[in-house]
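> In this note's numbering, the protein residues as written are -13 to 182. Here it is, the structure, as structure tokens.
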């Protein structure tokens, strides 16, 4: 059995206020929980970590479930810090649980940029703005991310502090669309039905 070279960390710790507090990762989308759509896009040989603030037992059915380093809903950087601390591999790819269709070549293209620039992190840019939760990190950044979360930094701000490089995914902008409301879930389910 080969040791995974990559950890995929799915960030599922949001409060989901626009879904009346229901857990987005477990919310049904076209007949299956949202997290299953995200898992389908993950490299099959990767170590899997799910960072959540609730329903850890349910998430444990899909992979190793861990809680945010800071209790409560402290924002996504707390989730990134937890992911970096929980990973056993040299690289960690983060994905948000509310984006059901991330680009299939995301990990590969971020890794190329990471190596080319000898950077500590590489993050997707959709042509209009950075997508900070779609990022690849080298190991050894857990303490810095934890300190940033405790200081109230956002993910974007913290990525700036570690000099993350951006990777252009302008041609895949639609694949970074996240679902926040019941209406968005319903609209995306309609899109999925038209693909069948």
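We put the beta carbon where it would ideally sit given N, CA and C, even for glycine.
(1) Near residue 103, what residues of its chain come up, given a Cβ to Cβ distance below 6 Å and the 5 sequence neighbours on each side ignored?
(2) For residue 157, tell me which candidate among 124, 141, 89 has the shortest Cα-Cα distance.
(3) Going by DSSP in three states, residue -13 sits in which element: helix, strand or coil?
(4) Taking the alpha helix (DSSP H) that residue 24 belongs to, which residues open and close that run?
(5) For a minimum of 4 consecutive residues, which ranges assigned as the alpha helix (DSSP H) are wholly contained in the stretch 90 to 124?
(6) Between the Cα of residue 69 and those of 153, 52, 61, spot the shortest distance and give me the residue it belongs to.
(7) Could you check the C-alpha separation between residue 155 and residue 113 for me, to the nearest Å?
(8) Looking only at DSSP bridge pairs, what is residue 33 linked to?
(9) For the alpha helix (DSSP H) that contains residue 152, what are its first and last residues?
(10) Which partner residues does residue 50 have in the DSSP bridge list?
(11) Which residue wins for smallest C-alpha separation from residue 142, given the options 171, 108, 77?
(12) Using 10 angstroms around the beta-carbon of residue 138, count the other beta-carbons present and answer buried if the total reaches 16, otherwise exposed.
(13) Can the beta-carbon of residue 25 be found closer than 8 Å to that of residue 79?
(14) Starting from residue 81, follow the beta strand (DSSP E) in both directions and report where the run begins and ends.
(15) One question on the structure: do residue 82 and residue -3 come within less than 8 Å of each other, judged by their Cβ atoms?
(16) Taking the continuous alpha helix (DSSP H) assigned at residue 132, which residues delimit it?
(17) Given a cut-off of 8 Å on the beta-carbon distance, is the pair residue -7 and residue 75 in contact?
Looking at the coordinates:
(1) Stepping through the chain shown from its first residue, residue 103 is reached at position 117. For residue 103, where only same-chain residues beyond five positions count, the Cβ hits under 6 Å are 151.
(2) Residue 157 sits at position 171 when you count from the first residue of the chain shown. Closest option to residue 157, Cα to Cα, is 89.
(3) As a first step, residue -13 must be located in the chain shown, where it is residue number 1. Its pLDDT being 41, under 50, residue -13 is placed unreliably in this model, and the value from its coordinates should be taken loosely. Three-state result, residue -13: coil.
(4) For the purposes of this step, residue 24 is taken as the residue at position 38 of the chain shown. Where residue 24 is concerned, the enclosing alpha helix (DSSP H) starts and stops at 20 to 26.
(5) 92 to 102
(6) The count along the chain shown starts at 1 and reaches residue 69 at position 83. Proximity to residue 69 across 153, 52, 61 peaks at 52, based on C-alpha coordinates.
(7) Here the question's residue 155 lines up with position 169 in the chain shown. Here the question's residue 113 lines up with position 127 in the chain shown. Between residue 155 and residue 113, the C-alpha separation is close to 6 Å.
(8) Taking the chain shown and counting its residues from 1, the one referred to as residue 33 is at position 47. Its beta-bridge partners are -7.
(9) Sequence index remark: in the chain shown, residue 152 carries index 166 (1-based). Here residue 152 belongs to no alpha helix (DSSP H); instead the beta strand (DSSP E) covers 151 to 154.
(10) Mapped onto the chain shown, residue 50 falls at position 64. Paired residue(s): 35.
(11) What you label residue 142 is simply residue 156 of the chain shown in a count that begins at 1. For residue 142, the nearest C-alpha among the options comes from 108.
(12) The residue labelled residue 138 in the question sits at position 152 within the chain shown. Residue 138 comes out exposed.
(13) The count along the chain shown starts at 1 and reaches residue 25 at position 39. The count along the chain shown starts at 1 and reaches residue 79 at position 93. It is not a contact, given that the beta carbons lie outside the stated cut-off.
(14) For the purposes of this step, residue 81 is taken as the residue at position 95 of the chain shown. Taken as a continuous stretch (DSSP letters only), the beta strand (DSSP E) holding residue 81 covers 77 to 82.
(15) Within the chain shown, residue 82 is the residue found at index 96, counting from 1. Within the chain shown, residue -3 is the residue found at index 11, counting from 1. Taking the C-beta atoms as reference points, residue -3 is found nearer than 8 Å to residue 82.
(16) Walking along the chain shown from the start, residue 132 turns up at place 146. Note, residue 132: alpha helix (DSSP H), 128 to 136.
(17) For the purposes of this step, residue -7 is taken as residue 7 along the chain shown, with counting starting at 1. For the purposes of this step, residue 75 is taken as residue 89 along the chain shown, with counting starting at 1. Contact: yes.
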